[in-house]
Amino acid sequence: MIVNGPDFPAMIDALASDGWAEVRGFLSADEVAQLAAISARRRNDFHRAGIGRATGQTVSDDIRRDDVLWVDNLDPELAFVMQRFAGYQQQLNRELYLGLNELELHFAAYPPGGFYQRHLDQHRQQDTRVVTVVLYLNPPDWQESDGGQLRIYLDDGRQVDVQPAGGTLVTFLSNRFEHEVIPAQRERLSLTGWYRRR
Ligand code: OGA
Ligand code: MN
0 MIVNGPDFPA MIDALASDGW AEVRGFLSAD EVAQLAAISA RRRNDFHRAG IGRATGQTVS
60 DDIRRDDVLW VDNLDPELAF VMQRFAGYQQ QLNRELYLGL NELELHFAAY PPGGFYQRHL
120 DQHRQQDTRV VTVVLYLNPP DWQESDGGQL RIYLDDGRQV DVQPAGGTLV TFLSNRFEHE
180 VIPAQRERLS LTGWYRRR
């Protein structure tokens, strides 16, 4: 379901009924530009993304090709966006009783040709990821021909393609939908994360 603006009640309704939502204008163009500038300033600290976490982490070029930088949730430069994410978490807990108590977030940069093959975010039984959020930080001139769509495989056999437009947030239940990132033709930026239950 498509939601306009950082409308928490509408996001909760969409998540409860469909399990996913595309939220256009979750951040303003100014806020997106601010985050894109922060990401660009830190670009040298990004590292190639791997599959799985901590031990057993491997870089697998045929599964995904993107660079990531984990963020510190207390980073003062990111306070404005952390506050927005905290608001969403509060609503998820209040309305859907999800008991989420942490958010792990990373910047992601897909270089030209970057992609992420079809996968599920919750890979293992003990994985505590509950809700996924992907916030796109691309410039306003991003075109459909630039690729980089997020393709979500719904449980009724349909699929939806989300354009990674700056300011759009995609959110879905981490254990429910397989999804993939179609190859991007130019650098594709996002802030991606998972609300977890410890
Ligand atoms: C991920 C992912 C989707 C996107 O990082 O797990 O699926 O649109 N990202 O960037
Ligand atoms: Mn994913």
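Using numbering that gives the first Met the number 0, the first residue of the sequence shown is number 0, and each one after it goes up by one.
We put the beta carbon where it would ideally sit given N, CA and C, even for glycine.
Here the structure is a predicted model, which is why all the values come from computation and not from measurement.
| field | Residues passing the C-beta test against ligand 2 heavy atoms, cut-off 7 Å | value | With the criterion CB distance below 7 Å from any heavy atom of ligand 2, the matching residues run Tyr115, His118, Asp120, Thr131 and His178 along the chain.
| Would you say the beta carbon of Leu104 comes nearer than 7 Å to a heavy atom of ligand 1? | For this step, residue 104 is matched to residue 105 along the sequence shown. Every heavy atom of ligand 1 is 7 Å or more from the Cβ of Leu104, so no.
| said: Quick check: the Cα distance between Pro5 and Ala85, rounded to an integer number of angstroms? | reply: What you label residue 5 is simply residue 6 of the sequence shown in a count that begins at 1. What you label residue 85 is simply residue 86 of the sequence shown in a count that begins at 1. If you draw a straight line from the Cα of Pro5 to the Cα of Ala85, it is about 12 Å long.
| query | Quick one: any contact between the stretch 164 to 184 and the stretch 114 to 124, if contact means 3 or more CB pairs under 8 Å? | reply | Using a Cβ-Cβ distance cut-off of 8 Å, the stretch 164 to 184 and the stretch 114 to 124 are in contact, since at least three pairs of beta carbons, one from each stretch, lie closer than that value.
| task | Could you pull the start and end residues of the alpha helix (DSSP H) that Ala35 belongs to? | result | Working through the sequence shown from its first residue, we reach residue 35 at position 36. Element bounds for Ala35: Ala28 to Arg40.
| Touch check for the stretch 62 to 72 and the stretch 96 to 109: three-plus C-beta pairs under 8 Å? | Contact holds between the stretch 62 to 72 and the stretch 96 to 109, because three or more Cβ pairs, one in each stretch, are under 8 Å apart.
| request: Return the bridge partner residues of Trp19 from the DSSP annotation. | output: Translated into the one-based positions of the sequence shown, residue 19 becomes position 20. The secondary-structure analysis by DSSP pairs Trp19 across a beta bridge with Phe171.
| Should the stretch 79 to 98 be called in touch with the stretch 146 to 163, which here means at least 3 C-beta pairs below 8 Å? | Because the criterion of three Cβ pairs below 8 Å is not met, the stretch 79 to 98 and the stretch 146 to 163 do not touch.
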